[in-house]
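Participant:
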Ligand SMILES: C[S@@+](CC[C@H](N)C(=O)[O-])C[C@H]1O[C@@H](n2cnc3c(N)ncnc32)[C@H](O)[C@@H]1O
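Numbering (this note's numbering), first residue to last: 5 to 251.
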């Protein structure tokens, strides 16, 4: 309850200001293998992976080129390499450590790894399939992020991704960190939000690196950004989807 109040107050202070966790993410890698081994939350990550494998096979199996944003350690890059006919896979991430793990994990002759910020220009071109797993909500305001991602999808092509939701966020965090630590992290988040607000947005806080939406807003958001929603699957903590980009 208190954690909820703290984060709600923080978000009220932040208003429309998008999250900026670039420094945070660039200095580490996100360990999906560890997340999947979590005794309570691991099931959700594994079921997400199974769902996305079905979506990739069904909606992205036959493609020449895939661009993946925020590939992390390459779990889904490897999936694309195994499950699609792509001759070229472009995988982008701001984490050098993550990209090194992707290079070790994914053996594909057409793999191109791009180290850099999603918002920077990297001459990536376009692709029939663009994908981003577990990161849209970290990259900025979800609508702005997906609108930019859409610009990399060829007309008639497919976007595959997911969004973590606000619905059961506090339950998830309590299970992940324990009640006390979650409370402390929520207080830190509010402190960061205060600093961002007081500095007129000049200061950054790594505590503010996620922008979550309630799941009820997601279908409408997807159709307004991409066009047709081909698949949508709701978990307790996230929503996975595939969309066709208007031709
Ligand atoms: C939760 S992890 C997900 C990684 C991977 N997609 C997966 O599901 O295993 C979020 C990823 O987003 C990357 N990231 C965060 N901000 C970024 C940015 N501005 N540009 C590129 N990558 C970014 C992080 O480095 C991290 O690998």
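Glycine is no exception: its CB is placed at the ideal position from the N, C-alpha and C atoms.
#1: Could you compute how far the alpha carbon of residue 11 sits from the alpha carbon of residue 244?
#2: Restricting to runs no shorter than 3 residues, where is the beta strand (DSSP E) found entirely within the stretch 97-131?
#3: Can you have a look at residue 123 and say buried or exposed, based on whether 16 or more other CB atoms are within 10 angstroms of its CB?
#4: Quick check on residue 196: does DSSP put it in helix, strand or coil?
#5: Quickly, what does DSSP pair residue 236 with across the bridge? List them, please.
#6: On the premise that residue 59 lies in contact with residue 235, defined as a C-beta separation below 8 Å, what is that separation, rounded to the nearest angstrom?
#7: What are the partner residues of residue 95, as DSSP defines its beta bridges?
#8: Which of helix, strand or coil does DSSP assign to residue 164?
#9: Determine the direct distance from the alpha carbon of residue 248 to that of residue 140, and round the result to whole angstroms.
#10: Is any heavy atom of ligand 1 found at a distance shorter than 7 Å from the C-beta of residue 80?
#11: Taking Cβ to Cβ, would you say residue 194 is nearer than 8 Å to residue 25?
#12: Rounding to the nearest angstrom, what Cα-Cα distance links residue 210 and residue 28 in this structure?
#13: For residue 79, count neighbouring C-beta atoms within 10 Å of its own C-beta (all shown protein chains included) and say buried if the count is 16 or more, exposed if not.
#14: Nearer than 7 Å: is that true of the beta carbon of residue 237 relative to any heavy atom of ligand 1?
Facilitator: Let me lay it out:
#1: Roughly 24 Å between the two C-alpha positions.
#2: DSSP runs (the beta strand (DSSP E)) wholly in the stretch 97-131: 115-119.
#3: exposed
#4: DSSP places residue 196 in helix when its eight states are reduced to three.
#5: 245
#6: 5 Å
#7: 72 and 117
#8: strand
#9: 17 Å
#10: yes
#11: no
#12: A direct Cα-Cα distance of roughly 6 Å separates residue 210 from residue 28.
#13: buried
#14: No, the beta carbon of residue 237 sits no closer than 7 Å to any heavy atom of ligand 1.
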